[in-house]
Every structure is written in structure tokens, then in C-alpha cells.
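Worksheet: the structure to be examined is printed underneath.
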Amino acid sequence: MYTIKLREEFIKLGQALKAAGVVENGAEAKDVIIEGLVKVNGEVDTRRGKKLYDGDIVTFDGEEIKIEK
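Structure below.
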């Protein structure tokens, strides 16, 4: 499990995938999100700009990313 510490109130989904290192760049993040391969709190979310807050869990390719303050 990866943990991302928030520097501000939220982080966007595409940025979180890049920050955790599960994708190499923004284009790859956009592709996997649009293809429905990413879940936020157990639900598929296809919005790259989805705002993630403290306590959110992102799942992609068998990896979990936890968002914390």
C-alpha cells in the first residue's frame, strides 16, 4: 500500500497515481482512468480530476493508495 500525504486540502486522481508511481506520466494516468481501471473507495471513477481527500483509498492494478493529511 502506498500512502500519499496531502500538502493541501485535496489531490486529484491523476496526480495521485503519478505520485504513487503506479503510472509513469499524466498521459498513462488519463488512459487507465478513462478505461475504468481505477477505483476510488471501491467504485470505478473515470474522472481524472476527481478530488481525493483524507481517508480516500484508490485501487489500481492490485495496488492500494491511501490518502492522508
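Everything in the sequence shown is counted per the numbering used here, starting at 163 for the first residue and increasing by one. Cβ atoms here follow ideal geometry from the backbone N, Cα and C, with glycine treated the same way.
query: Could you spell out the range, first to last residue, of the beta strand (DSSP E) harbouring VAL184?; result: Premise fails: VAL184 is in no beta strand (DSSP E) and is neither H nor E.
query: Spatial neighbours of LYS174 within its chain, please: C-beta separation below 8 Å, excluding the five flanking residues on both sides.; result: ARG210, GLY211, LYS212, LYS213 and LEU214
query: Of the choices GLY204, THR165, GLU170 and ASP223, whose alpha-carbon is the least far from that of GLU190?; result: ASP223
query: Looking at the structure shown, is LEU168 part of a helix, part of a strand, or coil, going by DSSP?; result: coil
query: Would you say MET163 and GLU230 are within 8 Å of each other, going by their C-beta atoms?; result: no
query: With DSSP as the reference, please indicate the residues paired to ILE227 in a beta bridge.; result: TYR164 and VAL220
query: In angstroms with no decimal places, state the Cα-to-Cα distance between GLU186 and ASP193.; result: 11 Å
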